[in-house]
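These protein sequence lines map, in sequence, to chains V and C. If you're matching positions, the first sequence starts at 1 in my numbering and goes up one per residue. If you're matching positions, the second sequence starts at 1 in my numbering and goes up one per residue. For every residue, glycine included, the Cβ atom is placed at its ideal position computed from N, Cα and C. These figures come from a predicted structure and were not determined experimentally. Input: a single structure, listed below in structure tokens.
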Amino acid sequence: MTISPDLDRRFREAALALELVDLGFDVVESPIGPLFVAASHRGLASISFDARPEAHLEKLARVAGPRVLRSPKSVDATRLELDEYFEGRRRAFDLTLDLRGLPAFTLSVLRELARVPYGETTTYGALAAKAGHPRAARAVGTVMNRNRIPIVLPCHRVVGADGSLVGYGGGLDIKAKLLELEGWL
Amino acid sequence: MTKMHAVPTIPPFERFYEQHRVEVMRLLRRRLGGERADDAFQETFLRALQAYGRLDHAEHLRAWVLTIARNVAIDTLRRSQPIAGPVDPPVEDERPAYEELAPLTDGLPPKERAAVVLRYGYDLPYDRIAFALDSTPAAARQAASTGVRRLRKRRNLQ
Numbered sequence: 001m002t003i004s005p006d007l008d009r010r011f012r013e014a015a016l017a018l019e020l021v022d023l024g025f026d027v028v029e030s031p032i033g034p035l036f037v038a039a040s041h042r043g044l045a046s047i048s049f050d051a052r053p054e055a056h057l058e059k060l061a062r063v064a065g066p067r068v069l070r071s072p073k074s075v076d077a078t079r080l081e082l083d084e085y086f087e088g089r090r091r092a093f094d095l096t097l098d099l100r101g102l103p104a105f106t107l108s109v110l111r112e113l114a115r116v117p118y119g120e121t122t123t124y125g126a127l128a129a130k131a132g133h134p135r136a137a138r139a140v141g142t143v144m145n146r147n148r149i150p151i152v153l154p155c156h157r158v159v160g161a162d163g164s165l166v167g168y169g170g171g172l173d174i175k176a177k178l179l180e181l182e183g184w185l
Numbered sequence: 001m002t003k004m005h006a007v008p009t010i011p012p013f014e015r016f017y018e019q020h021r022v023e024v025m026r027l028l029r030r031r032l033g034g035e036r037a038d039d040a041f042q043e044t045f046l047r048a049l050q051a052y053g054r055l056d057h058a059e060h061l062r063a064w065v066l067t068i069a070r071n072v073a074i075d076t077l078r079r080s081q082p083i084a085g086p087v088d089p090p091v092e093d094e095r096p097a098y099e100e101l102a103p104l105t106d107g108l109p110p111k112e113r114a115a116v117v118l119r120y121g122y123d124l125p126y127d128r129i130a131f132a133l134d135s136t137p138a139a140a141r142q143a144a145s146t147g148v149r150r151l152r153k154r155r156n157l158q
């Protein structure tokens, strides 16, 4: 007994159209590998280099609500902007973000991070200072490490004081590829 | 309200859907045939999704969604036979979820049977039963009590 792909698709589209979904997700193909992407009606909630949905669903449901459903349409806007970014046709994202549940310090750091321009880098210390916490470079590192929306919130543009890449949630090779795409490397 | 025992947390809907969709489809195909089963399948999971955000625990989710499916099937049959009388009680041919109550409640009208089984077989509160039956808590209570009265009467006649 199988459910036809067409019926499955119709159900998912109807659920979204009737606004019965707290969070829709899909796996988006990209030049740096498949990405897990999730969005609520408030905006983009998550991008992950770990494309396995089962690695994320429980955690996201705790923040957004239990009605979490795979739904390609719900991440269409993100898919489009990511495609443009990877093709070198987009330098800034216009997506609204769903940052529910994040503490104030994290939000203040992410707000500054979002201002780091395409093709440029900053350091953990400089970002900490801009966020009003000049001695919190290490804490800023933790915020980067836990960034729920990498690429769009460009933690790949944060490097060590000596210019070394230091670290990245998706792995240093992906950080290097993104900086290369933006012409910094 | 203090919970007396640990209850499983409500799984993300995707997981619930993946876990139960085949069984729901099997039930609907048996009762409605291929074409109508597709529409009923969509309606079943949309009803479930509608109520899902209001669930307060994750017990008996399988019984819950199968009850929704049975009700959608009944509604579908009613819609397609507008002049016919009450729908015959469906043939109970799925895996016995309500093992003890099933033979006892055999022959009750479907809504009453579902209400009795969910109330006394699974100990669900009337608001949950109302979600499953796409009805109100008062109507669910009424269906359960009418069902029980009918069973008592039947026993007295035997």
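{"Query": "Assigned exposure category for E18(C) - 16 Cβ within 10 Å defines buried", "Result": "exposed"}
{"Query": "Cβ-based contacts, 7 Å cut-off: residues of the region 63-78 of chain V near chain C", "Result": "G65, P66, R67, V68, L69 and R70"}
{"Query": "Contact belief for V72(C) with V116(C) at Cβ below 8 Å, rounded distance in angstroms", "Result": "Contact doesn't hold; Cβ gap of about 19 Å is too wide."}
{"Query": "Pair within 7 Å by beta-carbon distance, V21(V) and L80(V)", "Result": "no"}
{"Query": "N145(V) and G169(V) closer than 7 Å at C-beta", "Result": "yes"}
{"Query": "Contacts around A84(C), its chain only, beta-carbon distance under 7 Å, and the 5 residues preceding and following it disregarded", "Result": "Since pLDDT at A84(C) reaches only 46, below the 50 mark, its modelled position is unreliable, and the value read off the structure follows with that caveat. The answer is none, since no qualifying residue turns up."}
{"Query": "Contact set between Q19(C) and chain V, taken where Cβ atoms lie within less than 7 Å", "Result": "Those do not exist, as Q19(C) stays about 13 Å from chain V at its closest Cβ, beyond 7 Å."}
{"Query": "Coil, strand or helix - R42(V) by DSSP", "Result": "coil"}
{"Query": "Beta-carbon proximity check, S74(V) vs L16(V), cutoff 7 Å", "Result": "yes"}
{"Query": "Cα-Cα separation between I187(V) and L27(C), rounded to whole angstroms", "Result": "This structure cannot speak to residue 187(V), because chain V is shown only from 1 to 185."}
{"Query": "Cα-Cα separation, P31(V) to E87(V)", "Result": "9 Å"}
{"Query": "CB contact below 7 Å: I47(V) versus chain C", "Result": "no"}
{"Query": "Beta-carbon contacts of L61(C) that lie in its chain and below 7 Å, excluding the five residues immediately before and after", "Result": "F16"}
{"Query": "Extent of the continuous alpha helix (DSSP H) to which F25(V) belongs", "Result": "Unbroken run through F25(V) is the beta strand (DSSP E), L23 to V28; no alpha helix (DSSP H)."}
{"Query": "Test: E14(C) CB closer than 7 Å to a CB of chain V", "Result": "yes"}
{"Query": "Cβ of A61(V) within 7 Å of any chain C Cβ", "Result": "yes"}
{"Query": "Collapsed DSSP secondary structure at R95(C) in the structure displayed", "Result": "Confidence is the limiting factor: at R95(C) the pLDDT is only 47, short of 50, which leaves the residue's position unreliable and the question unanswerable from this model."}
{"Query": "Residue span of the beta strand (DSSP E) that contains V68(V), given as start and end", "Result": "V68 to R70"}
{"Query": "Proximal residues to V166(V) (C-beta, below 7 Å), its chain only, five neighbours per side dropped", "Result": "V159 and G160"}
{"Query": "Residue from A130(C), R150(C) and D134(C) with nearest C-alpha to R141(C)", "Result": "A130(C)"}
{"Query": "At least three beta-carbon pairs within less than 8 Å, the region 36-55 of chain C to the region 45-59 of chain V", "Result": "no"}
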